[in-house]
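Below is one structure; the comments refer to it alone.
Number of protein chains: 2
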Amino acid sequence: MSKLTDVPKRILIGRALRSDRLGETLLPKRIALPVFASDPLSSVAYAPGEVLLVLSIAGVSAYHFAPWIAVAVVILMFTVVASYRQNVHAYPSGGGDYEVANTNLGPKAGLTVASALLVDYVLTVAVSISSGVENLGSAIPFFVEHKVLCAVGIIVLLTLMNLRGVKESGKLFAIPTYVFVTSVFALIAWGAFRGLVLGDDMKAPTSDLHIESEHQGLAGFALVFLLLRSFSSGCAALTGVEAISNGVPAFRKPKSKNAATTLAMMGLFAVSMFCGIVGLALATDVHMAENPATDLLRDGVPVGGDYVQNPVISQVAAAVFGDGTFFFILLAAATALVLFLAANTAYNGFPLLGSILAQDRYLPRQLHTRGDRLAFSNGIVLLAGAATLLVIVYNADSTRLIQLYIVGVFVSFTLSQTGMVRHWNRHLANETDPAKRRRMIRSRAINTFGAFFTGLVLVVVLVTKFEHGAWVSLVGMVIFYAIMTAIRKHYDRVSEEIAAPEGPSDDSVRPSRVHSVVLVSKIHRPTLRALAYAKLMRSDTLEALSVNVDPAETKALREEWERRGIDVPLKVLDSPYREITRPIVEYVKGLRKESPRDAVSVIIPEYVVGHWYEQLLHNQSALRLKGRLLFTPGVMVTSVPYQLQSSEAAKIRERKRQEWNAPGAVRRGPAQERPKEASGKD
Amino acid sequence: MSKLTDVPKRILIGRALRSDRLGETLLPKRIALPVFASDPLSSVAYAPGEVLLVLSIAGVSAYHFAPWIAVAVVILMFTVVASYRQNVHAYPSGGGDYEVANTNLGPKAGLTVASALLVDYVLTVAVSISSGVENLGSAIPFFVEHKVLCAVGIIVLLTLMNLRGVKESGKLFAIPTYVFVTSVFALIAWGAFRGLVLGDDMKAPTSDLHIESEHQGLAGFALVFLLLRSFSSGCAALTGVEAISNGVPAFRKPKSKNAATTLAMMGLFAVSMFCGIVGLALATDVHMAENPATDLLRDGVPVGGDYVQNPVISQVAAAVFGDGTFFFILLAAATALVLFLAANTAYNGFPLLGSILAQDRYLPRQLHTRGDRLAFSNGIVLLAGAATLLVIVYNADSTRLIQLYIVGVFVSFTLSQTGMVRHWNRHLANETDPAKRRRMIRSRAINTFGAFFTGLVLVVVLVTKFEHGAWVSLVGMVIFYAIMTAIRKHYDRVSEEIAAPEGPSDDSVRPSRVHSVVLVSKIHRPTLRALAYAKLMRSDTLEALSVNVDPAETKALREEWERRGIDVPLKVLDSPYREITRPIVEYVKGLRKESPRDAVSVIIPEYVVGHWYEQLLHNQSALRLKGRLLFTPGVMVTSVPYQLQSSEAAKIRERKRQEWNAPGAVRRGPAQERPKEASGKD
């Protein structure tokens, strides 16, 4: 298995991990946190800015609502975290939202959640990468100047990395995530220290800009609507919170407990970072607008189309650390890196969800195979294509992309939490132990509140964001839903058609004799091997079959056949038009017509070569013939491969492919079967 | 075979011709002439113009050399026709230039001719269609204004027609060709009558233009070179003359005699049309220039880039019939149509030559099958792609494309005629009948002169046209030559590797026992059928094999297996990572390791569905498994297909495909085997 040329690779990325050894690598909490939380933690890079952006519509005076909106987001975050802690305990096998909804609310709810999640994965890539590029751009302007190009470039890079199967390691996530978290806390602490203790007057780069509000002095219903819209935008901080509940099997034991603790830690981190940044943004007079070109005025003049509105986190960092300082650049780089890691999690989640959906026959069955390279690649390419499309259409503008983002998240939150309520109801019906019942009732209460609150947010998001882009997500969900329903219907129809009849035997499928036919074009090793194998099979009759496309060759074949004394009768079919397939198919059909209860076994010698272009030069007639014979009932087709020397090259390639490990294996943990029904707390 | 929906098609294009009935449709001379001669006859539409174009470089005074050049072209034409009449007699089976060169001069000469012909087919399409568009444009300016677009459009149209397999009929060729020939003769006759009898002063539309020659008063070597270049251009009239020699089997008996007569008629027609048009062009003062925009002056001012230089045939028609008259438009339409038909002949010749080359293993073997739809389609698409590329690169300018054209033609002329000389030498060595010897000696003399003259022209063409574009053809030929040599080498290497050893038996390829394994995922009809078939085969041992990707499913499988009392032992392989391929391949390898002299037969139940998208949902694991098993020595892989209801759709499609007839079948005549060696005159 080892080759000299592999050594540099070994040194660089470590020995390829055989998947049977995956079980050895369970995650401790300190690694699990960065692995699962890069998505929710990184969203503090854009969520606070989105809150301010929307508020600015009512003028800078509306900024004083920002703390209240932050409080609402914090409450929501605690609710969601508390709810998912129940999921983690109830489904220690890593039942994601899809499974919870599917099991407790039925397949339609499950499929809705699945569609929402698939759309969400696409948006995670698009939003995180766009926001990452914007953050990088606050330090290195080149990135903002070529935003779409850079975003697409990073999508391509991530896609290639994932297609090649770069092994995911905990460290890869841990270092940038902890650098990011530490930097943000340092930012908040240093900002608080400078502001409160030193009494410095920190000013964001945009503090001198005036916001020309579109709706100055908004009041009543309009103001409430605006506040709700601003809250909806802030909810972007919630995306990815559910990731841990999918990854329970990857935790060290006690899995559920560790997962629940990690979830709580993540919630705490996210909430404090979110509030800290909102607070600093208000303290340093960050001014942002939805349409900065026209609504931001410098000395009474609109800043114009060339103006680049930097993300709130980098504006705050400029105010606290100073623009261009080491810490400023470190934070920008760490933010961008964490955002790209967040995008990368979607690259793993998408095929994983695909494999679960394939198990339930909503997607092609072969996707079910865990870590199957081909299935994985198809998923990756689909995801990357959709994300690229979004990035190009929305000009890599994270603000516009976020409008699409939050619908899917809250669809799955709501349905998952509703499912959990049903789950507890069902278990309460059979549980008599008062202590357990008490715990269950408490869990049910948490999930009920979670379902109610996330459902309310979903309605708010739908109402406030629909025309801003949420409808695009809904269309995407409907498309996924329709395709998956159609696939499931097809499988159901087929499985009904092929269901084995009860009773001892069904004569219609049991032939009584078998007539074997070996196809021969010339006498060479592959033919001799096929003949030898055919004889071993001891069918009722055996003959060799050749098609006469060239009388001279056929004559030579007959002569050699006799000379070698091959003890199988040679039958030659005439083919005045040099066809091969048709005479054979018609001959086989003729055999079947003569004795309809017999089966025909067609044995084809086949060459095995090592390169695709060699493949083009061989077996094409055999391939076509096989394709045609499949439609002839009562026929079986046997390939007897003959490995040519060049097939060694393909063998080596195959071996390399076997060593491939699907990225994301670490977060999935060792494979484990889904129980058909979850069994309460562990 | 008949369906109601087919009725309208039947009415439109006639009942599909089964290829076994092709033999009934042999061509009389009056139909054979247009079928085979559309290419050489249509070239009078551009060849005379090319002669004048080149002469104009030395100024309008050089036009007086035009008759002499016409005489040289006529002599060359007679030489080539006389030479090919010998080919037709010597190779009544339709030995084209490739076979003549291959048989008599060896494979390298043959391959050179083949490469030249392949390049020529591409150029026939590009030149004929470009010229056809120019002729159409002389009547309807739209076509010249969108020359490239129209040319590409017509290539696409011809390609689709040929891919769909529109049946070629003699009439399709006969009507436009005879209309064209009649119109041209009417043009010449009416022109002669008006000029000589009525004494009309006919003036071409360009007669009042002044040619600003680049090299006024050229003399000595430069003049000779120019005249030779002009002659080379005139040789474009010779393209396609060899077509009849490929098509002898399509003629009515006596085939060779009829073909020779048709060849002579074609030569006569071509020569008189060519001379007539040159004569009329001179009489009506047609003025053409290589670079009309700068070299043609109207009242002393260059005509400029917008000027469209109409083909000589349409200028003459404008002078004789009058611009825009009925006859003028009829001639333009007939010319364009004949040129498009000429392009269409390449669509048939290209795959036909491919099939001959495939027989000699220079191209993938499956192309050998006559009228094989897939092979045919690949050839068509390759041809169309290359022609489109040329048309776009050369801006659909027939004058520039013709520079590339003539090299290939004369490479094959020269090698073919040289081959014929060898042919007669060989036959003379064994022939004693003095009458036959006399005929052979005469034939040899004709072919010798042909070889010498065409060889001389080849040198002239190469020297005078090399830098004008002939090098492009040479590069194309080298590429074809290299690819075909590589393919042949691969086949030779493989055939050496698989050559059957002499002697009674070779133990290394003869296993002693066979162990059969039926792959089972669930118990359904396809599985039951596969099990029934496997039992029929009476291998030494038989077991069913399942991979445990889901313990619950596996348990259910085991239970049902027992309940049904299936008398085949069920073996379950564990697969903690839900892989299917690897456990099976490793199990099979293990079996082989245990008893290396045994063969393993892997039997896979397979679904047969009707649509490609259904195929995506089934058999993917089976396909991948098969691919992997092929590399495992000592294994045979059997598919037991189970036809689902939807497979009916595919069956109907297959049937339709079977009724398909390759276009160009008419000109090929009934299939006949090439004799390994031609046997003198028939």
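Chains U and A supply the protein sequences, listed in that same order.
With the first letter of the first sequence counted as 1, position 460 gets the number 460 in the UniProt record's numbering; the numbers rise by one all the way through.
With the first letter of the second sequence counted as 1, position 321 gets the number 321 in the UniProt record's numbering; the numbers rise by one all the way through.
Ideal Cβ placement from N, Cα and C applies to all residues, glycine included.
With a threshold of 16 other beta carbon atoms within 10 Å, Ile392 of chain A falls short and is exposed. The beta carbon of Leu123 of chain U sits no closer than 8 Å to any beta carbon of chain A. Secondary structure of Leu26 of chain A (DSSP, three-state): coil. Counted as a single uninterrupted DSSP element, the beta strand (DSSP E) harbouring Tyr642 of chain A occupies residues 635 to 643. In the three-state reduction of the DSSP assignment, Ile523 of chain U falls in the coil class, being assigned neither a helical nor a strand state.
Between Thr103 of chain U and Gly419 of chain U, the C-beta gap is smaller than 8 Å, which places the two residues in contact.
For Ala532 of chain U, the closest Cβ of chain A is nearer than 8 Å. Per DSSP, Arg298 of chain U lies in no alpha helix (DSSP H) segment; the continuous beta strand (DSSP E) that holds it begins and ends at 296 to 298. Leu33 of chain U sits close to Met265 of chain U, with the two beta carbons spaced by under 8 Å. Ala599 of chain U places its beta carbon less than 8 Å from that of Pro511 of chain U. The stretch 40 to 60 of chain A makes contact with the stretch 128 to 135 of chain A; the number of CB pairs closer than 8 Å reaches 3 or more.
Judged by beta-carbon spacing, Tyr491 of chain U lies beyond the 8 Å limit of Leu111 of chain U, meaning their Cβ atoms are not closer than that value. For the 8 Å CB-CB criterion, Val316 of chain U and Gly137 of chain U do not form a contact.
For the stretch 554 to 576 of chain A, the set of positions with a beta-carbon nearer than 7 Å to some beta-carbon of chain U reads Pro576 in chain order. At a cut-off of 8 Å between beta-carbon atoms, His490 of chain A makes contact with chain U.
Ile446 of chain U and Val463 of chain U have their C-alpha atoms spaced approximately 26 Å apart. Pairing Thr294 of chain U with Val320 of chain U, the inter-Cα distance amounts to about 27 Å. Between Ala204 of chain U and Ala318 of chain U, the C-beta gap is smaller than 8 Å, which places the two residues in contact. Below the 8 Å Cβ cutoff, chain A contributes Ala500 as neighbours of Ile523 of chain U, in chain order. Here Val286 of chain A is not near Leu456 of chain A, since their CB atoms are 8 Å or more apart. Residue pairing of Ala499 of chain U in beta bridges, as defined by DSSP: A:His524. For Ala650 of chain A, the neighbours in chain U by C-beta distance under 7 Å run, in chain order, Phe631. Going by DSSP, Pro605 of chain U is part of the beta strand (DSSP E) stretching over 599 to 608. Counting C-beta pairs with one atom in each stretch, the stretch 62 to 78 of chain A and the stretch 230 to 246 of chain A have three or more that are closer than 8 Å, which means they touch. Taking a beta-carbon distance threshold of 8 Å, Ser546 of chain A does not count as an interface residue toward chain U. At the C-beta level, Val88 of chain U and Ala270 of chain U stay beyond 8 Å of one another. As the crow flies, the alpha-carbon of Leu591 of chain A is around 10 Å from that of Val635 of chain A. The Cβ of Gln645 of chain U sits closer than 8 Å to at least one Cβ of chain A. Using a CB distance cut-off of 8 Å, Thr638 of chain A counts as an interface residue toward chain U. Judged by DSSP in its simplified three-state form, Thr541 of chain U adopts strand. Here DSSP, grouped into helix, strand and coil, assigns Leu76 of chain U to helix.
DSSP, read as helix, strand or coil, puts Asp574 of chain U in strand. Counting only runs of 4 or more residues that sit fully inside the stretch 165 to 204 of chain U, the alpha helix (DSSP H) segments are 170 to 192, in chain order. Scanning its chain for C-beta atoms nearer than 7 Å, with the 5 sequence neighbours on each side dropped, one finds around Ser539 of chain U the residues Val514, His515, Ser516, Ser601, in chain order. For Met288 of chain A, there is no enclosing alpha helix (DSSP H), since its DSSP letter is neither H nor E.
Within chain A, no C-beta atom comes less than 9 Å from the C-beta of Val248 of chain U; the nearest is roughly 18 Å away.
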